Amino acid sequence: MSNPFDNAMAQLDKVSKIKDFGSDFILKLRQPDRDIKVSIPINMDDGSLRIFEGYRVEYNNALGPYKGGIRYHPDTEINEVKALAFWMALKCAAVGIPMGGGKGGITVDPKKLSKDELERLSRGWVQKFSDILGPLKDVPAPDVNTTAEIMAWMADEFQKITGDKSGAVITGKPVGQGGSLGRDTATAQGGFYAFEALKSHLGLADSCSVAIQGFGNAGANAASIWHKAGHKIIAVSDSKGGILDLNGLDIPALLKFKQETGYVAGFSGSQDITNEQLLTIDCDLLIPAALENVITKENAADIKSKVILELANGPITSAADDILFKRGITVVPDILANSGGVTVSYFEWDQNLKNERWTEREVLDKLRPIMESSARDIFLLAKDLNIDLRMGAFMIALERIRAKM
Ligand code: GLU
């Protein structure tokens with residue numbers, strides 16, 4: 271299968287066939303401003319030395335400082351980080367926040383490290399990149415397998431090295447250590463606001479059946495938020511496998527079960543299914559909330575949901591997009607659907623720089639109109655041109671970046 275960066279570039283090629291953005295501009299966007307790979311040597315608890323590979327990709331900063339999370343995953347490699355950084359640039363532009371696009375990562379399975387090793391590794395990443403990071407230069411955040419606690423270690427390391435006390439170099443910090451209220455649930459919450467704004471246009475009922483792939487920060491919070499709003503969550507999965515209950519899963523009990531056991535499989539009253547089966551379940555709304563390239567031309571014809579809302583980055587390949595569009599399945603694309611995370615990151619950065627602390631209500635009251643108006647603008651443009659919502663979002667985002675460049 272092609273890597274996520276090939277997919278990102280296929281999306282860029284597709285949009286440039288719909289609208290002429292000028293060949294120089296498209297050429298410029300085919301490469302990041304810079305991509306850096308470093309070795310991070312770490313003393314392990316048993317006294318041995320291990321070298322980890324770390325990355326930071328700074329894609330485009332026309333709209334503001336490079337912005338984007340840091341991923342810890344055994345499969346993380348430079349092409350994935352490049353794709354994610356590209357999507358960050360478009361994501362910030364699509365919802366109109368003054369940030370550019372970047373992304374970072376480390377090739378590691380964090381579940382196999384002790385807490386002390388994880389802290390040394392996280393501080394090691396900052397030591398390697400401290401000269402390119404900064405509140406007005408490049409501002410990381412959490413992503414897959416990185417937590418508020420990791421952000422706190424990183425912010426502390428950056429302060430030790432540079433003396434910058436604002437904390438604005440990194441977002442997604444714990445509340446009380448410069449973090450913003452509402453940041454931990456912002457990705458799912460923003461996706462929900464976009465869903466609410468589009469629901470009636472997409473022909474969805476007030477109560478939908480929902481399947482969610484992935485039960486990390488985005489997926490688990492989505493389960494909670496959609497469940498509380500009266501929707502029926504019939505299936506969820508995590509890296510070990512999935513569960514199904516057509517009567518609707520008891521989400522509060524499942525969250526507790528996951529916390530205790532580490533996984534969703536084996537939850538009482540549910541039937542075990544695979545991640546692949548979850549994707550093709552008959553439901554109103556499918557939410558991929560895990561990793562890239564899970565819906566491809568191999569399984570796009572088997573998808574049975576009416577709408578797909580991408581809380582993950584890049585879960586659908588460009589070829590699969592075309593199949594889904596022809597089949598009348600609407601995809602609410604990642605750069606809109608999961609942009610609540612970076613939007614509240616931007617609010618955190620803003621609060622740090624102004625030394626303010628906003629209430630959760632203030633944060634949500636600022637997030638909601640951004641998500642609603644972005645969703646509506648993208649929907650109307652796509653409808654007008656008879657293109658999918660991803661291409662609509664790309665057009666709006668690219669036009670904003672081009673105008674600045
Ligand atoms: N990692 C998240 C994303 O992919 C958030 C990035 C951020 O807050 O900067 O959008």
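Add 270 to the 1-based position in the sequence shown for the working numbering, that's all there is to it. Each residue gets a CB set at the ideal place from its N, CA and C atoms; glycine is no exception. Please read all numbers here as calculations on a predicted model, not as lab measurements.
- A355 sits away from G334, with the two beta carbons spaced by 8 Å or more.
- Distance check between T416 and each of Y342, D515 and E642 places Y342 closest, using alpha-carbon atoms only.
- DSSP places N491 inside the alpha helix (DSSP H), whose first and last residues are N487 to K498.
- Shortest gap from the CB of T346 to any heavy atom of the ligand GLU: 7 Å or more.
- Not one heavy atom of the ligand GLU sits closer than 7 Å to the Cβ of P603.
- Remark: the C-beta of N625 is outside contact range of the ligand GLU, defined as less than 7 Å to any heavy atom.
- In this chain, the alpha helix (DSSP H) harbouring Y616 covers S609 to K624.
- Cβ neighbours of V614 within its own chain (closer than 7 Å, five residues either side excluded): S450, G452, R453, A456, V633 and L637.
- In its chain, beyond the 5 residues on either side, V308, I310 and G324 have a beta carbon closer than 7 Å to the beta carbon of K398.
- Cβ neighbours of R670 within its own chain (closer than 6 Å, five residues either side excluded): A363.
- Spanning the alpha carbons of K284 and D386 requires a straight line of approximately 46 Å.
- C-alpha of K653 to C-alpha of N563: approximately 26 Å in a straight line.
- At least 8 Å separates the beta-carbon of G486 from that of V396.
- In the DSSP assignment, D305 falls within the unbroken beta strand (DSSP E) covering R304 to N313.
- Looking at the backbone, the Cα of A667 and that of G460 are separated by about 18 Å.
- Using a cutoff of 7 Å, the CB of A458 does not count as near the ligand GLU, since none of the ligand's heavy atoms is closer than that.
- Just measuring C-alpha positions, the residue of P522, E389 and G292 sitting nearest A493 is P522.
- According to the DSSP assignment, F399 belongs to the alpha helix (DSSP H) that extends over K385 to F399.
- T377 has H343 as its beta-bridge partners, per DSSP.
- Residue range E630 to L655 is occupied by the alpha helix (DSSP H) that includes R631.
- The stretch 417-442 is shown to contain no whole beta strand (DSSP E) run of 3 or more residues.
- L606 and Q541 have their C-alpha atoms spaced approximately 32 Å apart.
- Distances from the CB of M641 to the heavy atoms of the ligand GLU are all 7 Å or more.
- DSSP, reduced to helix, strand and coil, places E568 outside both helices and strands of the structure shown, so it counts as coil.
- If you ignore the 5 residues before and after A425, its C-beta comes within less than 6 Å of the C-beta of G437, I440 and K443, all in its own chain and listed in chain order.
- According to the DSSP secondary-structure assignment, I482 is paired through a beta bridge with V506 and I557.
- Counting along the chain, I666 sits inside the alpha helix (DSSP H) bounded by residues L659 to K674.
- The residue among I482, E568 and I348 with its C-alpha nearest the C-alpha of L519 is I482.
- G448 sits in coil when the DSSP states are folded into three classes, being neither helix nor strand.
- At least one heavy atom of the ligand GLU lies less than 7 Å from the C-beta of D413.
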